[in-house]
Amino acid sequence: MVKGFIFDLDGTVYLDDQVIEGAVETIISLRERGHKIVFLTNKSIATRIDYVNKLNKLGIPVTLDEVINSNYITMKYLKDHMKEDDAALVIGEEPLFQELREENINLTNDPQKATYVVLGWDRQFNYEKLNIAYQAWLNKAIILATNPDRTCPVYGGSQIPDCGAIIGALEGATGQPIDSVIGKPSRLTAEFVVNEILNLKPEQCYMVGDRLETDIRMGFENGLNTVLVLTGVSTAEMVKETHYKPTYVFNSIKEIVNI
Ligand SMILES: [Mg+2]
């Protein structure tokens, strides 16, 4: 039976610019057996083409349609929901703007005209941007975010604030949760990847990742098999505590060939 493997990137396939041992061989072997592969990342500060180039450089053959990031799913969401007079105000970095512009999503800087606000990871985030988003919210705009991650791990074992911190800033002002968080672990993202990209049933799919609260939770809540790899953020110790129990816990991506 054909299986679909959904691979997280950071901490699963590579750490920074270092490919995880066995990742290349594992992915090639899964392809040779006729399984379907997709790479899925929440990180919104790079384009899908950047990921294709990075994976190819690491020796992993991949095409653009096999790489999905939270910006892409956010674009799809806006395309499905926005009407002719709608406009989106975006807080984020250039790759997010680029993804939305390429698909002709109507963008605005004017909080009075914005019917949607999109929050992404933005390393130039400041009070002015927070205020613009807040004014749009006062004006009844729908607030979305690309991904819920509070932090992103960086080289040397440290972490830096991610989109979750920007969501927190706006929620601190409004006193209310934002309307929708795209990316893992949302149902929207699970259904999009399983139905539209892999075109398989959830039980044929395996979500492979290093984070319990995004990767494993998304699989757990949407009927996918899950594989936690211990090469990134979550540890075997955390598996004991979590509600989101993975189907498999492996030391690394290398062990997937044993499924
Ligand atoms: Mg990861």
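Here our numbering is used: position 145 in the sequence shown is 1377, and no number is missing along the way.
Glycine is no exception: its CB is placed at the ideal position from the N, C-alpha and C atoms.
Because the structure is a prediction, the values reported are computed rather than measured.
- Taking each of I1323, L1376, A1278 in turn and checking the Cα distance to L1310, the smallest one comes out for L1376.
- In this structure, R1355 has its beta carbon at no less than 7 angstroms from each heavy atom of ligand 1.
- Counting along the chain, the unbroken beta strand (DSSP E) around T1273 starts and ends at 1268 to 1273.
- In the structure shown, D1297 falls within a helical segment according to DSSP collapsed to helix, strand and coil.
- Sorted by chain position, residues whose beta-carbon lies closer than 6 angstroms to a non-hydrogen atom of ligand 1 are D1240, D1242, G1243, T1244, G1441, D1442, R1443, G1464.
- Contact holds between the stretch 1347 to 1355 and the stretch 1266 to 1281, because three or more Cβ pairs, one in each stretch, are under 8 angstroms apart.
- Annotated three-state conformation of F1357 is coil, per DSSP.
- DSSP, read as helix, strand or coil, puts V1256 in helix.
- Straight through space, the alpha carbons of K1372 and I1491 are spaced by roughly 49 angstroms.
- Taking all protein chains in view, the Cβ of K1416 is crowded by 16 or more other Cβ atoms within 10 Å, so the residue is classified as buried.
- For the options G1404, D1381, I1414, the alpha carbon positioned closest to that of G1396 is the one of D1381.
- For G1243, there is no enclosing beta strand (DSSP E), as DSSP marks it with neither H nor E.
- Look at Y1309 here: in three-state DSSP terms it is helix.
- Closest option to T1474, judged by alpha-carbon separation, among I1485, E1487, L1460, F1482: L1460.
- By the Cβ test, the stretch 1425 to 1442 is not in contact with the stretch 1398 to 1414, since fewer than three Cβ pairs between them sit closer than 8 angstroms.
- One Cα belongs to I1392, the other to P1385, and the distance between them is close to 7 angstroms.
- Taking 8 angstroms as the cut-off, the beta carbon of P1478 is found no closer than this to the beta carbon of T1446.
- Between I1259 and I1292, the C-beta gap is smaller than 8 angstroms, which places the two residues in contact.
- For L1321, the enclosing beta strand (DSSP E) covers residues 1320 to 1323.
- Per DSSP, G1451 is one residue of the alpha helix (DSSP H) stretching across 1449 to 1453.
- Of L1287, I1252, I1300, the smallest CA-CA separation from T1421 is found for I1300.
- Judged by their CB atoms, G1464 and G1243 are nearer to each other than the 8 angstroms cut-off.
- Selection E1334, Y1359, E1325 evaluated against V1350 yields E1325 as nearest (Cα-Cα).
- Residue environment for T1406: exposed (fewer than 16 other C-beta atoms within 10 angstroms of its C-beta).
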